């Protein structure tokens with residue numbers, strides 16, 4: 001650009017260019033407003049186009065050539081480390097939220113006292129007094145799971161639990177103890193699981209209850225997870241499991257299904273088969289940006305004692321909290337330039 005074409009130039013805004021030119025800006029007011037805004041986009045891959053949806057870009061809300069915005073907490077959105085302001089969630093801190101359905105065996109065999117609640121936890125005295133048996137050992141493991149998820153919530157920007165919890169206990173029938181709960185404390189959740197029931201074992205009834213909970217409380221913001229625990233065997237056909245998994249896919253997200261056998265591994269064929277079917281359906285379903293990095297979570301685990309059971313539940317909890325890696329590119333961590 002003359003008079004010194006080889007000299008490096010500063011960028012100028014659209015408005016400044018036309019003001020200096022002496023000519024009327026030929027662009028519409030809407031276009032002028034657009035050109036006055038910062039042209040940096042959030043780098044989160046959730047804004048990219050996919051095979052089934054159009055791109056949903058998130059622009060910096062500040063004026064073009066703005067000074068870096070100070071790093072302060074905002075009620076909504078986020079400030080990138082290079083000072084751009086966005087109304088969307090911070091992609092480097094984004095976690096998938098879940099609707100986690102716990103399906104817990106409360107049949108007569110769960111009253112056996114060969115496995116007991118973990119000692120020396122805040123809830124131990126209560127469990128020992130009310131269910132000092134296999135069922136109490138399961139509640140100990142659930143207590144640890146919920147504490148782990150609470151810690152994740154406290155580390156997030158909102159410090160509010162984003163997961164919804166539902167709990168089904170089953171014997172020859174299935175009972176919903178908790179549904180789509182966002183606010184109950186771990187102690188309150190334990191209270192909902194007492195007193196202990198007894199009776200036979202019916203996996204089909206339990207799955208139907210879980211399916212109804214997922215369908216009734218479906219949210220596109222939360223991926224469905226089932227943790228299905230039993231200490232025994234119960235015959236169940238493939239069709240109910242396929243129906244459940246395919247329903248979740250049709251609603252928008254594949255089901256993560258974890259089956260847990262508490263006791264002798266010999267009596268676990270149905271639990272293994274349910275996990276295999278869920279794994280098959282999950283593997284054949286395209287994943288979104290929040291779940292793609294987790295791989296296929298569906299699987300079977302066997303816990304022979306209370307300590308192994310607690311570790312198994314903590315392992316599942318930890319698998320749900322993998323944060324996305326930091327996003328860096330040629331424009332810094334804030335994002336990329338918009339192309340007009």
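Residue numbers (the UniProt record's numbering): 1 to 340.
Glycine residues also receive a C-beta, built at the ideal position from the N, C-alpha and C atoms.
Being a predicted model, the structure only gives us computed values, none of them experimental.
Check                                                                                                                                                             : Outcome
Could you say if the segment 231-239 and the segment 116-123 meet the contact criterion of at least three C-beta pairs nearer than 8 Å?                           : no
According to the neighbour-count rule (16 or more other Cβ atoms, all chains shown, within 10 Å of its Cβ), is residue 230 buried or exposed?                     : buried
Could you give the distance in angstroms between the alpha-carbon of residue 169 and the alpha-carbon of residue 48?                                              : 41 Å
Quick one: what's got a C-beta closer than 8 Å to residue 215's C-beta in the same chain, skipping five residues either side?                                     : 247, 251
Roughly how many whole angstroms lie between the Cα atoms of residue 222 and residue 99?                                                                          : 6 Å
Helix, strand or coil for residue 263 per DSSP?                                                                                                                   : coil
Using DSSP's beta-bridge definition, name the partner residues of residue 165.                                                                                    : 100, 181
Taking just the CA atoms, how far does residue 197 sit from residue 42?                                                                                           : 51 Å
Bridge partners of residue 176, per DSSP?                                                                                                                         : 168
Threshold first: 4 residues or longer. Then list the alpha helix (DSSP H) segments lying entirely within the segment 124-151, N to C.                             : 124-130
When DSSP builds the beta bridges, which residues end up paired with residue 227?                                                                                 : 102, 258
Could you pull out every residue in the same chain whose Cβ sits closer than 6 Å to the Cβ of residue 258, ignoring the five residues on either side in sequence? : 227, 316
Along the chain, where does the alpha helix (DSSP H) containing residue 27 start, and where does it finish?                                                       : Taken as a continuous stretch (DSSP letters only), residue 27 belongs to no alpha helix (DSSP H), as it is neither H nor E.
So residue 131 packs on residue 189, CB below 8 Å; how close in whole Å?                                                                                          : Going by Cβ atoms, the distance from residue 131 to residue 189 rounds to 15 Å, so no, they are not a contact pair.
Apply the 10 Å Cβ neighbour rule to residue 72 and answer buried if 16 or more other Cβ atoms are within range, or exposed otherwise.                             : exposed
Among the residues of its own chain, which have a CB less than 7 Å from the CB of residue 209, if the five just before and after it don't count?                  : 168, 174, 176
Could you give the distance in angstroms between the alpha-carbon of residue 25 and the alpha-carbon of residue 16?                                               : 10 Å
Compute the distance between the beta-carbons of residue 64 and residue 88, then report whether it is under 9 Å.                                                  : no
Could you tell me if residue 154 is buried or exposed, where buried requires 16 or more neighbouring beta carbons within 10 angstroms of its beta carbon?         : exposed
Sort out for me which residues DSSP pairs residue 63 with in a bridge.                                                                                            : 37
With DSSP collapsed to three states, give me the class of residue 79.                                                                                             : strand
On the three-state DSSP scale, how would you describe residue 320?                                                                                                : coil
Provide the residue span of the beta strand (DSSP E) that contains residue 303, from first to last.                                                               : 299-303
Which residue's Cα is closest to the Cα of residue 108: 313, 97, 135, 120?                                                                                        : 135
Taking the C-alpha atoms as reference points, what is the distance between residue 112 and residue 218?                                                           : 36 Å
Could you have a look at residue 115 and say whether DSSP puts it in helix, strand or coil?                                                                       : coil
CB-CB under 8 Å to residue 306, same chain, minus the five flanking residues each way: which ones, in chain order?                                                : 115, 116, 117, 118, 137, 140, 141
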